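Number of protein chains: 4
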Amino acid sequence: MRSESTRRAILEATRDELAASGYDKLSIDRIAAAAGAGKQTVYRWYPTKSALVADCLLEGYVLPTTSIDVPDTGDIRRDLGDWLRAFAEGLDHPQNAALIRACTAAAADNDEVAAKFYENATAATETALTERLHAAELAGQLKKDAPAVAVAEALIGAMLFRLLTRQRATVAFTEGLTEAVMAGIALTPSPAQR
Amino acid sequence: MRSESTRRAILEATRDELAASGYDKLSIDRIAAAAGAGKQTVYRWYPTKSALVADCLLEGYVLPTTSIDVPDTGDIRRDLGDWLRAFAEGLDHPQNAALIRACTAAAADNDEVAAKFYENATAATETALTERLHAAELAGQLKKDAPAVAVAEALIGAMLFRLLTRQRATVAFTEGLTEAVMAGIALTPSPAQR
Amino acid sequence: MRSESTRRAILEATRDELAASGYDKLSIDRIAAAAGAGKQTVYRWYPTKSALVADCLLEGYVLPTTSIDVPDTGDIRRDLGDWLRAFAEGLDHPQNAALIRACTAAAADNDEVAAKFYENATAATETALTERLHAAELAGQLKKDAPAVAVAEALIGAMLFRLLTRQRATVAFTEGLTEAVMAGIALTPSPAQR
Amino acid sequence: MRSESTRRAILEATRDELAASGYDKLSIDRIAAAAGAGKQTVYRWYPTKSALVADCLLEGYVLPTTSIDVPDTGDIRRDLGDWLRAFAEGLDHPQNAALIRACTAAAADNDEVAAKFYENATAATETALTERLHAAELAGQLKKDAPAVAVAEALIGAMLFRLLTRQRATVAFTEGLTEAVMAGIALTPSPAQR
DNA sequence: GAGTAAACGAGACGGTACGTCTCGTCTTAGT
DNA sequence: ACTAAGACGAGACGTACCGTCTCGTTTACTC
Numbered sequence: 001m002r003s004e005s006t007r008r009a010i011l012e013a014t015r016d017e018l019a020a021s022g023y024d025k026l027s028i029d030r031i032a033a034a035a036g037a038g039k040q041t042v043y044r045w046y047p048t049k050s051a052l053v054a055d056c057l058l059e060g061y062v063l064p065t066t067s068i069d070v071p072d073t074g075d076i077r078r079d080l081g082d083w084l085r086a087f088a089e090g091l092d093h094p095q096n097a098a099l100i101r102a103c104t105a106a107a108a109d110n111d112e113v114a115a116k117f118y119e120n121a122t123a124a125t126e127t128a129l130t131e132r133l134h135a136a137e138l139a140g141q142l143k144k145d146a147p148a149v150a151v152a153e154a155l156i157g158a159m160l161f162r163l164l165t166r167q168r169a170t171v172a173f174t175e176g177l178t179e180a181v182m183a184g185i186a187l188t189p190s191p192a193q194r
Numbered sequence: 001m002r003s004e005s006t007r008r009a010i011l012e013a014t015r016d017e018l019a020a021s022g023y024d025k026l027s028i029d030r031i032a033a034a035a036g037a038g039k040q041t042v043y044r045w046y047p048t049k050s051a052l053v054a055d056c057l058l059e060g061y062v063l064p065t066t067s068i069d070v071p072d073t074g075d076i077r078r079d080l081g082d083w084l085r086a087f088a089e090g091l092d093h094p095q096n097a098a099l100i101r102a103c104t105a106a107a108a109d110n111d112e113v114a115a116k117f118y119e120n121a122t123a124a125t126e127t128a129l130t131e132r133l134h135a136a137e138l139a140g141q142l143k144k145d146a147p148a149v150a151v152a153e154a155l156i157g158a159m160l161f162r163l164l165t166r167q168r169a170t171v172a173f174t175e176g177l178t179e180a181v182m183a184g185i186a187l188t189p190s191p192a193q194r
Numbered sequence: 001m002r003s004e005s006t007r008r009a010i011l012e013a014t015r016d017e018l019a020a021s022g023y024d025k026l027s028i029d030r031i032a033a034a035a036g037a038g039k040q041t042v043y044r045w046y047p048t049k050s051a052l053v054a055d056c057l058l059e060g061y062v063l064p065t066t067s068i069d070v071p072d073t074g075d076i077r078r079d080l081g082d083w084l085r086a087f088a089e090g091l092d093h094p095q096n097a098a099l100i101r102a103c104t105a106a107a108a109d110n111d112e113v114a115a116k117f118y119e120n121a122t123a124a125t126e127t128a129l130t131e132r133l134h135a136a137e138l139a140g141q142l143k144k145d146a147p148a149v150a151v152a153e154a155l156i157g158a159m160l161f162r163l164l165t166r167q168r169a170t171v172a173f174t175e176g177l178t179e180a181v182m183a184g185i186a187l188t189p190s191p192a193q194r
Numbered sequence: 001m002r003s004e005s006t007r008r009a010i011l012e013a014t015r016d017e018l019a020a021s022g023y024d025k026l027s028i029d030r031i032a033a034a035a036g037a038g039k040q041t042v043y044r045w046y047p048t049k050s051a052l053v054a055d056c057l058l059e060g061y062v063l064p065t066t067s068i069d070v071p072d073t074g075d076i077r078r079d080l081g082d083w084l085r086a087f088a089e090g091l092d093h094p095q096n097a098a099l100i101r102a103c104t105a106a107a108a109d110n111d112e113v114a115a116k117f118y119e120n121a122t123a124a125t126e127t128a129l130t131e132r133l134h135a136a137e138l139a140g141q142l143k144k145d146a147p148a149v150a151v152a153e154a155l156i157g158a159m160l161f162r163l164l165t166r167q168r169a170t171v172a173f174t175e176g177l178t179e180a181v182m183a184g185i186a187l188t189p190s191p192a193q194r
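The listed protein sequences derive, respectively, from chains E, H, V and Z. Note that UniProt numbering gives residue 156 to position 156 of the first sequence, counting from 1, and the numbers run on in steps of one. Note that UniProt numbering gives residue 49 to position 49 of the second sequence, counting from 1, and the numbers run on in steps of one. Note that UniProt numbering gives residue 90 to position 90 of the third sequence, counting from 1, and the numbers run on in steps of one. Note that UniProt numbering gives residue 87 to position 87 of the fourth sequence, counting from 1, and the numbers run on in steps of one.
Structural data, given as structure tokens:
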């Protein structure tokens, strides 16, 4: 009978190590010691470092769920702006930023983590976002067949890029971004309105 | 007098290792051996693995410059779409994808690499992109004060996100993205036209 | 649970390296490889190269015990001569000579090895020798209060000196030495028999 | 033009290093630095560490010549005792002891040094000793054909052995040794007086 | 309950790579 | 034309972790 509490201790130790040292400095030895577990117990649950990080993501030990909820006041423009600003504020906390950077590194290095990273961490966000966009489309606020996925990924990608390059996502930045995807930056409408 | 040719051999070996094994499997021993150099010589030039990768980026050993040039036919909408599609095609080559993923991991893990990653690899792209956007603005094709930087980073960020999550950036995706930032996705104009 | 067989393999590899390369060319890397052990395992058992060599001596991996036994036929003069000749013959084998030279170098370099070298390798010989001398004294064959220790060390020292200076200890040499310590070289007895 | 003064500085630095660190911790880098010379200059003169130590011995940089002179008062018994005691006193100085131990290690490790060690350092002593013994023989104080060489090497070997095993050569020890080789330790004369 | 089988902590094992040190050779300035 | 200064390829040093493998010791299910 494998002990659930030990598994939790391992995940918590992993999260702490991840925030403190980043992905490629993770040490299974250290995690096991911090969790008060034997190394074999860690390996019994998780065959690789990547699987460990992936499960950390999957169980929500890493990313705050707060940044996932997209508000719905009926005004898509305002909701999107508010959500993006809230997201940016979440990334202002060094702990969060370090964790997400570590997960990004893990995802970049490893296909399995990438899958989990996508499915769980970002897909949750992306889903919430695309759903909000579809709701707005149904409410007649968006063009038909608006590329919701592309827009959602552009927003998340822009935030991730800011995080990676150590640039803060200021309010001016998030507002500019919101306005750009809502109203576009071109003066003239699409030629021929294809 | 330190030998420039040795340094180049080290950077080339680093690039090859990076593409082959990813960032956190990089081995200085292996790089030195592949470069026909002693380990101490590697350390003389680069105190850390990160510095090595950072300089690799800085010297342009990693990223193909081809994806940087933004076409200028006078039609910003078409140019942007073409550039984004070319960019996506560049990422379709596994070698390129692996390299950029490795650099992303390195940047996520390390501040110094992040700075170099931004300054050199992405900033070059971002600059080209923002310059093209400003040109279009001057040509009266874009709204005044269009948030060129935010748009540029949204485009790059979206591509990076696709790369990280192992999703191909299809033509439909790039076209949707282009259309979204050019014309916006909202039906109505900005309220109050601020 | 530390594995005794691994430890033995390490000691055997050390002895072989010692005979082949001498003390200051000893490489822990090479010993570990030859013993089929990890380097850390070597260090777990022996913190320093000296401790390794010292234990090699202590466990009798280096010196043949055959040369230690001093015969006892009742005739001290003959026994001593036979033993010395046997000792010299043992040193004629290049393998033995190399090993003892290496241990001598180790003992010269390092206090700990020196202690073990004395306690184990030479003291065993010296003890056997002094005991044989004391037995002879009791049997009335030697003068009272004969300086057994000094004589024993003179004999061993002479052999070691020959070894160090790469001179063979011929039968003439060992016989002259035996005769000298047994009968003295002075013509007259001690003046006044002080 | 190779500078003699540089060579002397190198030999002095070598002697100091040898006394301070022992043979196998000798570092050519450190010697060169201490001598204010370039490494290449050291190598120009001496192809190996051993050759360096060997020349150090050959030029008398290491061993004090004082301990070599054997007194000649006409009384061989007293002269030998005095000389051995003086020798022992010389070895009581830690600096001398360390130097001779280092040279012993060097000689044990390396044939070339062994040759130089014998020719120069010990052979000088041995020659003085055997000459004194021959003089005594001519003066009718010793038996005919006394094994002078064996006795000389036994005396030196005994002192070396004491040095290696970190035992002081006390006055009791040296006197016992002198008496043993002069008068022998056997009660009866050689059987059959061959 | 007593017996048993698994999961556990602890940590040794054969390895790989680390970053540092020294070797003996080779290159570069400077005098 | 020398030298000192020091970079170079090579490789050993002692340390940190890797992932695998015993060890005894709980722990929790079966009989």
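We put the CB at the ideal spot given by N, CA and C, even for glycine. Note that this is a predicted model, so its numbers are computed, not measured.
Using the C-alpha atoms, what's the distance from residue j back to residue i?
i                     : j              : result
Y43 (chain E)         : G38 (chain V)  : 22 Å
residue 272 (chain E) : I76 (chain H)  : No statement about residue 272 (chain E) is possible, as the shown extent of chain E runs from 1 to 194 and does not include it.
R194 (chain E)        : L163 (chain H) : With a pLDDT of 40 at R194 (chain E), under the threshold of 50, the modelled position of that residue is not reliable, and the figure given next carries that caveat. Their Cα atoms are separated by approximately 29 Å.
V171 (chain H)        : Q40 (chain V)  : 55 Å
G60 (chain V)         : T122 (chain V) : 11 Å
T48 (chain E)         : V113 (chain E) : 11 Å
M182 (chain H)        : F173 (chain E) : 17 Å
C103 (chain Z)        : N110 (chain Z) : 10 Å
A97 (chain H)         : R8 (chain V)   : 51 Å
P147 (chain Z)        : I185 (chain V) : 8 Å
E131 (chain Z)        : A139 (chain Z) : 12 Å
M159 (chain Z)        : L26 (chain H)  : 57 Å
F161 (chain Z)        : R85 (chain Z)  : 15 Å
L187 (chain H)        : F117 (chain E) : 33 Å
K143 (chain Z)        : V151 (chain Z) : 13 Å
L133 (chain V)        : V149 (chain V) : 9 Å
D145 (chain H)        : A54 (chain E)  : 42 Å
Note down, in chain order, each residue of its chain lying with its Cβ closer than 7 Å to the Cβ of residue i, except the 5 sequence neighbours on either side.
i              : result
W83 (chain E)  : V70 and P71
I10 (chain Z)  : I31, A35, A37, V42 and W45
E175 (chain V) : G81
Quick check: residue i and residue j, are their CB atoms within less than 9 Å of each other?
i              : j              : result
E126 (chain H) : I100 (chain H) : no
A19 (chain V)  : Q95 (chain V)  : yes
D24 (chain V)  : A105 (chain Z) : yes
L177 (chain V) : A180 (chain Z) : no
A108 (chain E) : G90 (chain H)  : no
A115 (chain E) : R166 (chain H) : yes
L58 (chain Z)  : E119 (chain Z) : yes
Using DSSP's beta-bridge definition, name the partner residues of residue i.
i              : result
A186 (chain Z) : V:L142
Give every residue of the same chain whose Cβ lies closer than 6 Å to the Cβ of residue i, excluding the five residues on either side of it in the sequence, and list them in chain order.
i              : result
T14 (chain V)  : I31, L52 and C56
A136 (chain Z) : I76 and L142
Apart from the five residues on each side of it in sequence, which residues of its chain come closer than 8 Å, Cβ to Cβ, to residue i?
i             : result
E12 (chain V) : A35 and Y61
M1 (chain Z)  : Here M1 (chain Z) scores only 49 on pLDDT, less than 50, and its place in the model is too uncertain to base an answer on.
G74 (chain E) : A139
D16 (chain H) : A34
S50 (chain Z) : A106, D109, N110, E112 and V113
- Task: Could I get the ranges of all uninterrupted beta strand (DSSP E) runs contained in the stretch 98-128 of chain V, with 3 residues as the minimum, in chain order?
- Result: none
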